[in-house]
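Visitor: Sharing a structure with you now.
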Amino acid sequence: MLVLENVTKSYDGKENAVDRLSLTVKAGEIFGFIGPNGAGKTTTIKMITGISAPTSGRILINGIDLAASPVEAKLNFTYVPDHPEIFSSIRGIDYLNFIADMYEIPVAQRRARVEKYAKTFALYDELDRLISVYSHGMKQKLLICGALLPNPRLFILDEPLVGLDPLAAKKLKDIMREHCRQGGTVFFSSHLLDVVENICDRVAVINKGRLVACDRLETIKEESGHNLEQIFLELTKDA
Ligand SMILES: Nc1ncnc2c1ncn2[C@@H]1O[C@H](COP(=O)(O)OP(=O)(O)OP(=O)(O)O)[C@@H](O)[C@H]1O
Ligand SMILES: [Mg+2]
């Protein structure tokens, strides 16, 4: 579903923020992407989502080369960024309709889906208000609703649980699991190792731009005999 081949990013010709990163995320799995601050997680996600071009390497989404066919590739995923920077001068409902228009979701279907997700995240009664008056968590939840609306094959999230209240976090984790049960794929970064340990099928660890582990969680734990926190600290002790 998602393939990275030797993906490298150098900002301003400096040391590579992401260095020859190769990984494959299979359809139907929840894939956790972890690593210390500054390791290159957001940079990688920005390249996967086409926000930032790799310096070298190739990204395939559902078999489509992102650089060669960006729009076609992008129709296969939606994305929730780490900071909910979002149009502030429109209402929540306008934002969701905009997303629905972009993904050409029929009107009848979009009403039902907007209601479902906005109610799930206790946002339904806020949709007529301007985004500028939303709290940080409300903006985050609006972005999540927008990303869920098109029912994407691949759901990409950068530190999605930061800023969410415990109920919203639980609902999002349930949705991520359900999405995969129905054949969808989730790729997300997080610093919450207990969450990663609980919901991921496979995990990749990045340190200083390089992949230092990528495997099934059980395999990594069995091989080392440690929990994910101990493994993380060992793999990234030079960070
Ligand atoms: N726009 C930019 N210009 C120059 N350097 C950048 C830029 N964005 C990120 N970097 C650098 O790239 C490296 C990786 O940063 P990135 O944001 O990808 O880390 P991260 O793993 O997401 O960290 P965090 O856990 O803090 O979110 C860091 O050294 C950072 O300073
Ligand atoms: Mg980041």
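The sequence shown begins at 1435 in the numbering used here and counts up one residue at a time.
Where is the CB? At the ideal position from N, CA and C, for every residue including glycine.
Treat the numbers as computed from the prediction; the structure is a model and nothing was measured.
(1) Determine, using beta carbons only, whether S1456 and N1450 come nearer to each other than 8 Å.
(2) Looking at the structure shown, is I1578 part of a helix, part of a strand, or coil, going by DSSP?
(3) Could you check if T1477 belongs to the surroundings of ligand 1, using beta carbon to heavy atom distance under 7 Å?
(4) Please name the residue, chosen from P1515, S1486, F1511 and Y1513, that lies closest to A1501 on a Cα-to-Cα basis.
(5) Spell out whether any CB of chain D is found under 8 Å from the CB atom of K1443.
(6) Identify whether R1611 lies in helix, strand or coil by the three-state DSSP scheme.
(7) Between the Cα of E1549 and those of K1655, L1582, T1489 and L1591, spot the shortest distance and give me the residue it belongs to.
(8) Just grab the DSSP bridge partners of F1674 for me.
(9) Assuming F1704 contacts K1475 under a Cβ cut-off of 8 Å, what Cβ separation, rounded to an integer in Å, is found between them?
(10) Output the residue ranges of the beta strand (DSSP E) runs that lie fully inside the segment 1498–1581 and measure 3 residues or longer, sorted by chain position.
(11) Report the residue from R1547, D1528, S1523 and I1640 whose alpha carbon sits nearest the alpha carbon of P1586.
(12) Just to check, is the beta-carbon of E1519 closer than 7 Å to a non-hydrogen atom of ligand 2?
(13) Leaving out the 5 sequence neighbours to the left and right, which residues in its chain are closer than 6 Å to V1646 when beta-carbon positions are compared?
(14) Please go through the same chain and pick out, in chain order, the residues whose beta-carbon is closer than 6 Å to the beta-carbon of Y1513, but skip the five residues on each side of it.
Guide: Taking the coordinates as given:
(1) The beta carbons of S1456 and N1450 sit no closer together than 8 Å.
(2) The answer is helix: DSSP assigns I1578 an H, G or I state.
(3) Within the chosen limit of 7 Å, ligand 1 reaches the beta carbon of T1477 through at least one heavy atom.
(4) With respect to the C-alpha of A1501, the residue from P1515, S1486, F1511 and Y1513 having the closest C-alpha is S1486.
(5) Absent from the structure: chain D. Only one protein chain is present.
(6) It is helical.
(7) A check of alpha carbon separations from E1549 across K1655, L1582, T1489 and L1591 identifies L1582 as the nearest.
(8) Any property of residue 1674 remains undetermined from this structure, which presents the chain solely from 1435 to 1673.
(9) Nothing in the structure corresponds to residue 1704, since the chain is present only between 1435 and 1673.
(10) Whole beta strand (DSSP E) segments, 3+ residues: 1511–1514.
(11) Ranking R1547, D1528, S1523 and I1640 by CA distance to the CA of P1586 puts R1547 first.
(12) Answer for E1519: no, Cβ out of range of ligand 2.
(13) So the list reads V1639 and L1669, once near-sequence residues are dropped.
(14) Closer than 6 Å at Cβ, skipping near neighbours: T1483 and I1590.
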